[in-house]
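Colleague: The following block contains the structure, expressed as structure tokens.
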Amino acid sequence: MIGMPTLTRLADAFLDRSVVPGYSRLGPALRQRWWPADPAPGSMAGRRVLVTGATSGIGTAIAEGLLELGATVHVLGRNRTKTDDLVARLVAETPGAEVVAEVCDVGDLDAVRSWAQGFTERVGTLHGLVHNAGALPPERSETAQGHELTLAVHVLGPHLMTALLADVLAPDAAVVWMSSGGMYGAGLRDDDLEFTDGEYSGVRAYARTKRMQVVLAAEWARRLPGRHVYSTHPGWVATDGVTASIPGFGALMGPLLRTPADGADTTVWLLATRPASRSPHFWHDRAQRPSTLGWERGQDPLRVRRFLDQVAADTGVAQR
Ligand SMILES: NC(=O)c1ccc[n+]([C@@H]2O[C@H](COP(=O)([O-])OP(=O)(O)OC[C@H]3O[C@@H](n4cnc5c(N)ncnc54)[C@H](OP(=O)(O)O)[C@@H]3O)[C@@H](O)[C@H]2O)c1
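Its first residue numbered -16, the sequence shown is counted upward by one per residue in my numbering.
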């Protein structure tokens, strides 16, 4: 936003704070008049990126955007047939595309460990990692290791994966955590991470774990000096996930929802251009955004520390 005229900056901030216009398809339609330039054609040639949750919606659009820029893309899904079908489709659509299927349930910490071992043995260097897999389950459920599902898929699995892949991340690699604007409605919790208080709501668990992703991204930015670590939110995007998890919202917003390509735009742009960023590294529509609302004071460091301690204990990833 540096160098942006004051009126444009005000219009941009208005779109962000007023939520409905900014998060809908109007956001990118207006902002593309002033946002930074598109990545140069071929700017991802020779770069290898892993995208989780690639078999649907925004994840598929991220893979497509990266392939268009010349990247080699490892598409990670949890279902072998679905993942192989995606690879076949992407190769057919983009002649010469280098796409590799990866199968792993991101919420299963044992699966993440064994998949990551094979991946690091097969792959020398990774230039991009996108934690995009996400879920909004109606009922509380637990993974093989006994963790609540949204905590495992959004927080513990990606945290463990980042640690296990850290040694193969290129010195200028970018890591993007796909959070959600819904995280604005949730403070960071350092107690009851597993949502055992008996008042489970999928929407609340989703928002709380999306907040945790933003905090974790800022922590990984600190732990991986030289690399570019960001969190982002895609706005409101028409995907199977929205139709299945929040059908009322999808029906209400209908024509105002963004396309998956709109939702993927900032992630692809971040990976390709790797802009300078300052903590807490939260981005939306090609600009850095506040991660807490005006009347909040940012994250309480003690609460962040207790949260990180719990994540370290759950994943076995030692704090650096
Ligand atoms: N759509 C929106 O408006 C919106 C708004 C804010 C944030 N987001 C975030 O954007 C990301 C993508 O959302 P979307 O709307 O594209 O959702 P989607 O269509 O439901 O896609 C979610 C993807 O995550 C995968 N996934 C779920 N659990 C997994 C697991 N345990 N292991 C591996 N992969 C798993 C799904 O795999 P399957 O294909 O096997 O189900 C699917 O590929 C999510 O993190 C979501 O929270 C979306």
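Even glycine gets a Cβ: it sits at the ideal position worked out from N, Cα and C.
(1) Rounded to a whole number of angstroms, what is the C-alpha to C-alpha distance between residue 81 and residue 286?
(2) Does the beta carbon of residue 97 fall short of 7 Å from some heavy atom of ligand 1?
(3) Can you tell me the Cα-Cα spacing of residue 157 and residue 123, whole angstroms?
(4) Please state whether the Cβ-Cβ distance between residue 13 and residue -7 is less than 8 Å.
(5) Is residue 216 close to ligand 1? I mean its beta-carbon at under 7 Å from any heavy atom of the ligand.
(6) Evaluate contact between the region 163 to 179 and the region 191 to 206, counting only Cβ atoms and requiring at least three cross-stretch pairs below 8 Å.
(7) For residue 167, tell me which candidate among 57, 191 and 150 has the shortest Cα-Cα distance.
(8) If you follow the beta strand (DSSP E) that residue 31 is part of, which residue opens it and which one closes it?
(9) Determine whether the beta carbon atoms of residue 247 and residue 48 lie at a separation below 8 Å.
(10) For a test of your reading of the model: does the CB of residue 252 fall under 7 Å from any non-hydrogen atom of ligand 1? Yes or no.
(11) With a cut-off of 8 Å on the beta carbons, I'd call residue 50 and residue 22 a contact; round off their distance for me.
(12) Using the beta-carbon count (16 or more within 10 Å), is residue 272 buried or exposed?
(13) Provide the residue span of the alpha helix (DSSP H) that contains residue 198, from first to last.
Modeller: According to the structure data:
(1) Indexing the sequence shown from 1 puts residue 81 at position 98. Indexing the sequence shown from 1 puts residue 286 at position 303. So the alpha carbons of these two residues sit roughly 43 Å apart.
(2) On the sequence shown, residue 97 is found 114 positions in, with the first residue counted as 1. The beta carbon of residue 97 sits no closer than 7 Å to any heavy atom of ligand 1.
(3) Residue mapping note: residue 157 aligns to position 174 of the sequence shown, counting from 1. Residue mapping note: residue 123 aligns to position 140 of the sequence shown, counting from 1. Distance between the alpha carbons of residue 157 and residue 123 is about 33 Å.
(4) Translated into positions along the sequence shown, residue 13 becomes position 30. Translated into positions along the sequence shown, residue -7 becomes position 10. Against a cut-off of 8 Å, the Cβ pair of residue -7 and residue 13 comes out as no contact.
(5) The sequence position of residue 216 within the sequence shown is 233, counting from 1. The answer is yes for residue 216.
(6) Result yes; three or more Cβ-Cβ pairs closer than 8 Å.
(7) Looking up residue 167 in the sequence shown gives position 184. The shortest Cα separation from residue 167 among 57, 191 and 150 belongs to 191.
(8) In the sequence shown, counting from the first residue as 1, residue 31 sits at position 48. That run of the beta strand (DSSP E) goes 31 to 35.
(9) Looking up residue 247 in the sequence shown gives position 264. Looking up residue 48 in the sequence shown gives position 65. Cβ distance < 8 Å, so residue 247 and residue 48 count as in contact.
(10) As a working mapping, residue 252 is identified with position 269 in the sequence shown. Relative to ligand 1, residue 252 has its C-beta separated by 7 Å or more from all heavy atoms.
(11) To locate residue 50, count along the sequence shown from 1; it is residue 67. To locate residue 22, count along the sequence shown from 1; it is residue 39. At roughly 13 Å, the Cβ-Cβ gap does not stay under 8 Å, so residue 50 and residue 22 are not in contact.
(12) Sequence index remark: in the sequence shown, residue 272 carries index 289 (1-based). With 16 or more other Cβ atoms within 10 Å, it is buried.
(13) Translated into the one-based positions of the sequence shown, residue 198 becomes position 215. 185 to 206 is the extent of the alpha helix (DSSP H) around residue 198.
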